Every structure is written in C-alpha cells, then in structure tokens.
Amino acid sequence: MNTLFTRLSLALLAIVVITGGALFVMNQFSTRTYHEEITQRLNESIAMYITGQSQLIENGEVNRAALADVAMQAMVINPTVEIYLLDARGHILGHGEPDNLVTDSVDLGPVRQLLDGRARLPLRGTDPRSDRAKIFSAWPVLQEDGLQGYVYAVLGGQKYDALVNSVRGSYVEQLSLGVLLAILATAFGVGLLVFNLLTRRLVNLTRQVRQFTECGFAPPLATSLRTEPRGKPVTGDSCSTNDTLMETLTSESAGYAGAANDYNRLPEENPGDGDEITQLRTAFSHMADKILQQFEELKETDRLRRELISNVSHDLRTPLSSMHGYVETLLIKNDQLSAEERRHYLEITRKHSLRLEKLINDLFELSKLEAAAIKPQLEYFSLAELLHDVTQEFLLEAGRKQIDLRIDGDPENSVVHADIGLVQRVLENLLRNAIRHTPQGGTVTVKIEPRPNSVGISVADTGCGIAEEDLDRVFDRFYRSEQNNRSSDDDSIGLGLAIVQKILDLHGSRITVSSKLHAGTTFAFDLPGARCLTKKQGRLLRDCPYFIPVFESLRT
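See the structure below:
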C-alpha cells in the first residue's frame, strides 16, 4: 500500500533492524573488550611472578626445564595462559605446550608500551599460535650484563578459544539475544502505535478534503474541515458518505449555518498555533471558506447579471416603446396634428428620453461603484452648508406637493471628512426618494446629529412606508415597492438607494432603514467628523481651520 503509514512503518522496521544489529554487534564488542580489560588488569603481573620464580636464562642459554616447569604451574593455575620466553629482539627462545606455533617472533612494540605503564588497556599483542592479537602480560629478564629477553604470557590462548566456542549459543547468550529481540519488537510496536495516532488525523483530513472536492464543495464538509475528528473517523472515499456526515453535522438544523453551530467548531487559530497537522487543517479550513465564499459570490453575481439583464431590458423597453410610438405618430399624422398636439407628443418623447438617459447614467455610476473604479476624494466641509444647497434644489418640487421640507439639528458642529460630490449624490437620492413617497401635505425632515467622532444624518418622511418583509430588499438594484409598481406616473428605476449604499460603503459607513406602513420611513447614516484638538487641553476649538459657520436660516 502506497500510504504514508505504510512508508513510515517500513522505515521504522528498517531503522529497528539496523539499530538492533548495531546494538548486538556493539554489545558483543563491548562485552569482549570489558572482559579483556578486566582479565589483563588482574593478570598484568603474572609474567613478573614467573620471572622471579626461576633462572630461565643461564650463561646465555635457555633453562628449558625451568621454563617447562613454570609454564606448567601457570597453566595449572590458569589454563588459558600460554608462556613464552623471548630474546631481546622478540624471537621465541622457548615456550610451553603445545608446540604448534604459526610464528617464531613477537612484536615488541606492544610489549614496550605495557612495560612503560602508559598503555591504555586492553592492549593486544602477537599470539604465536594464531593470527589474532590477544591480551598479554610481559616482564623483562635482566641479569648483570643487561637485558637478556622477556617473559611473554598470552592471556587467552587456544584453550580459551575452545572454551569460548563451546559456550557459544548457551542459555545466557540466547537469553540476551531474546531480550534484545523483545525490546526491539516492543519498540517497533510502540512506534507503529504512535505513527497510527499521528497519521490518523492526517488520513481523516485527507478523506474530508477528497470528499469536499468530489461532492461539489458541500458546505457541511467544509464545516468538518474546521474540526478535529472526534470518535469514529470519517471513512469512505466517495460522496456516499456525504449523507452520513451531513446527518452528524446537522442533527437538529439544516444547511451550512446549522451544521456550523451543531458540530464542534475549532476556535479561530493563528497560522502558527498547534502542530503541523493542526496548521494544515486550519489552512484547509480557510481555503474551504474562501472557495465557498467565491462560489456564493459567483452565484450572486450570476443572479444579479440575469436580474440586471431582465430589469434593464424591461426599463429600456418601456421608454423606447413609448418614444417609438410617439415618433411614428408624428411621422404618420404630422399633417393632421395641431401645433399643440405635436408639442405634447414631443414633450412626452423628451420625458422618456430623459428617463432613459437617467437609467443609463445611474447604471454606469452603479457599475463604477461596484467595480471600485471611483475613489473618494476626501476633504473637510460643512455638511449643513451642503444640505442647505441640496434642499434648495428640491424646494420647488416639494412646494408643488405642499410638502414641508425641514432641517433640524446642530449645524455648527457638522464638519465632516468625506467626498463632497458623492455625499451630495447621497443626499439628493434620499431627498428625491422621500419626496416621491410622501403624499401631498406631508413632511420630510433632515436631521443633523453631531457625535463624538462622527456626524449623524437622517432623512425621515411621512409617506406610505415599507412593509417589514421588504426592508432587506430596499437597497437591491431595481427594487420598487408594490405601490410604485402600480403607479403609472412614477419614473423611479430603483437604482437610487443602491447607489447610496455603495457610496456610503466607500466611506466606511453603513446606512440603516426603519419604516412603518402608512406612517413613514427613516434612512440614517454617519460620516466621519472633523475634530481639532489642542495638544495640552484636548478641546474642540472654534477657531479650528475646519470650522465653518453655518447660516442660522438653516434651522428653520
């Protein structure tokens, strides 16, 4: 199986086998070295004692009888010891039994190191009866005329080798090997368990991601990516497990929001929190959120596109059809129409062309706002003065409907930091909308409310109001109330409030609406205020360069 757990298991097995072999070899080597060091330290003076027992060299000749006697005594005491008599150059002058030498000389280098007392034990020298170096004991044979040779004792001769070979595979050695294998097997089993625990989360995450992609980026599966698996892990590689997972995630509620609430969510984590698997899960969770968000945006964009095409075609068709009809009438009955009728038809045609022009301009402006192609040119200005100028434009229209247009609030503290042109468009659209929906004899009130860090503006009317179920749709493009749809003289195309919302979004502001049927509607929003503070006192100064006096007439 080409899985991460299998690869880790094989790698662990190889490591255990190699480590076990290395430990076995090292144990054998260290045990042998330890034994040789102890043996050499215990028998280091054996050659000295042998030298003091007999005169092994007399008048330059080897006393073979004495050599055989001391060799026999030494072997009786320690059967593994083999005694040799060397001359000053290392040649073997005599030795004890047996008589099967493979070399007739001994390297004196290790001998001199041992006699100097600076050698690090165990120190191995030549074994005349084998090709292997072995530990030894040595002592010089001195007479009046100087160095005559050396007594050289091999500590672990042929009998020792035979004894070692005979006990190889004994109970103790088998027990040691069995204990080592048991330890390695236990380590391998524990390693497999640890790897299984570590990779289980990764395997579960992989399955969830695979299901997330294979099942059409389902929101419940995206929700599961935010959670560590609890209890029985998710199994299966196809969308067949999607229903089971959705039942688990949506026990009492349905949909993405319900799944997110019912399932145990992980808290928002920083990129560096947790281990690598947790970080990977968090990254996948963010990726899933982003994908779902983009999908929703694409769906919403597609819906708006279809709605836009439908609404635009309808709103374009109506004035174009009317213009086409009146133009045909003028062409066909031009000689039969009076000057007054001809002018009437032309005025109607002009009205529809202006409505068509306004629709195109509003669509163009809204598209630029949605595409963030318009950048606010922020400056400080008096909102009260701007409101005074805007209301002057609507006095005539309000007067025709006998609507009382009022401005309330504190105009002296109304300096804001915004784009004056865009804010003017907001006020115009809100006032036009309020006057359009206010019946004859009604009231439209614009109120300025200075706040600590902003200036609040509200536009209230006493019109027909908006149904509660329609409040969430008033800022949608081409939205018009049922009353407007039934009205034949309403020239609204339903883009004004959408433009207002987009402009305020550019300023970081949020517009709210409250309404009651047959009582009126109020739109309210805030704009950033301008404050001039002294460094020491921190108070608003009336000589602030941004302070603009407002005409008292605005209060009435």
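If you use the numbering used here, the sequence shown closes out at 1379, no skipped numbers anywhere.
Note that the Cβ used here is the ideal one computed from N, Cα and C, for glycine as well.
Note that the coordinates shown come from a computational prediction; the quantities given were computed from them, not determined experimentally.
In this structure, the CA atom of H914 is about 9 Å from the CA atom of G972.
In the structure shown, D954 falls within a coil segment according to DSSP collapsed to helix, strand and coil.
For G1001, there are no CB contacts under 6 Å within the same chain when 5 residues up- and downstream are skipped. Beta-bridge pairing by DSSP links R947 to I958. Nearest to I1132 by alpha-carbon distance, out of F1118, I1183, E1120, is I1183. In this structure, the straight-line span from the alpha carbon of A845 to that of L1007 is close to 12 Å. Comparing alpha-carbon positions, the option among V899, P1142, L1004 lying closest to K1181 turns out to be P1142. When DSSP reads this structure, D1227 sits in a beta bridge with T1266.
Rounded to the nearest angstrom, the gap between the Cα atoms of L946 and F959 is 8 Å.
Sorting N923, L965, R941 by C-alpha distance to the C-alpha of D954 places N923 at the top.
About 11 Å separates the beta carbons of I900 and A976, which is beyond the 8 Å limit, so they are not a contact pair. A residue is called buried when at least 16 other Cβ atoms come within 10 angstroms of its Cβ; L1016 does not meet this threshold and is exposed. Ranked by Cα distance from T1022, the options R830, R1259, S1337 are led by R830. In the three-state reduction of the DSSP assignment, E860 falls in the helix class. Our two residues, L944 and Q936, have alpha carbons roughly 10 Å apart in a direct line. Taking a C-beta distance under 7 Å as the contact criterion, V1336 and L1294 qualify as a contact pair. In its chain, beyond the 5 residues on either side, Y1203, V1238, H1240, Y1369 have a beta carbon closer than 6 Å to the beta carbon of A1353.
If you keep only unbroken beta strand (DSSP E) runs of at least 3 residues inside the segment 870-910, you get 904-910.
For Q966 and T874, the gap between their C-alpha atoms comes out near 11 Å. Proximity to R1033 across A1111, E1251, P1273, L1020 peaks at A1111, based on C-alpha coordinates.
A residue is called buried once 16 or more other Cβ atoms fall within 10 Å of its Cβ, and E867 is buried on that count. When the beta-carbon positions are compared, L1189 and L1318 come within less than 7 Å of each other.
With a cutoff of 7 Å on beta-carbon distance, F1298 and Q1324 are scored as near each other. Here the alpha carbon of A891 sits roughly 19 Å from the alpha carbon of D950. Approximately 5 Å separates the beta-carbon atoms of G1232 and K1270; this is inside 8 Å, confirming the contact. Contact between L1209 and V1246 holds, with the beta-carbon distance rounding to 7 Å and staying under 8 Å. Residue nearest to Q1225 within the set T1285, E1235, D1242 is T1285 (criterion: CA-CA distance).
Secondary structure of G917 (DSSP, three-state): strand. Taking the C-beta atoms as reference points, A1221 is found no nearer than 7 Å to I1280. Of the other Cβ atoms in all chains shown, fewer than 16 fall within 10 Å of the Cβ of K1122; this residue is therefore exposed. Taking a C-beta distance under 7 Å as the contact criterion, V1282 and L1253 qualify as a contact pair. For A1321, the uninterrupted alpha helix (DSSP H) run begins and ends at 1319-1329, by DSSP. Beta bridge pairing from DSSP links P1273 with V1278. If you compare the alpha carbons of Q1215, L1103, T1268 with that of R1229, the shortest gap goes to T1268.
Between the alpha carbons of L998 and I861 lies a gap of roughly 23 Å.
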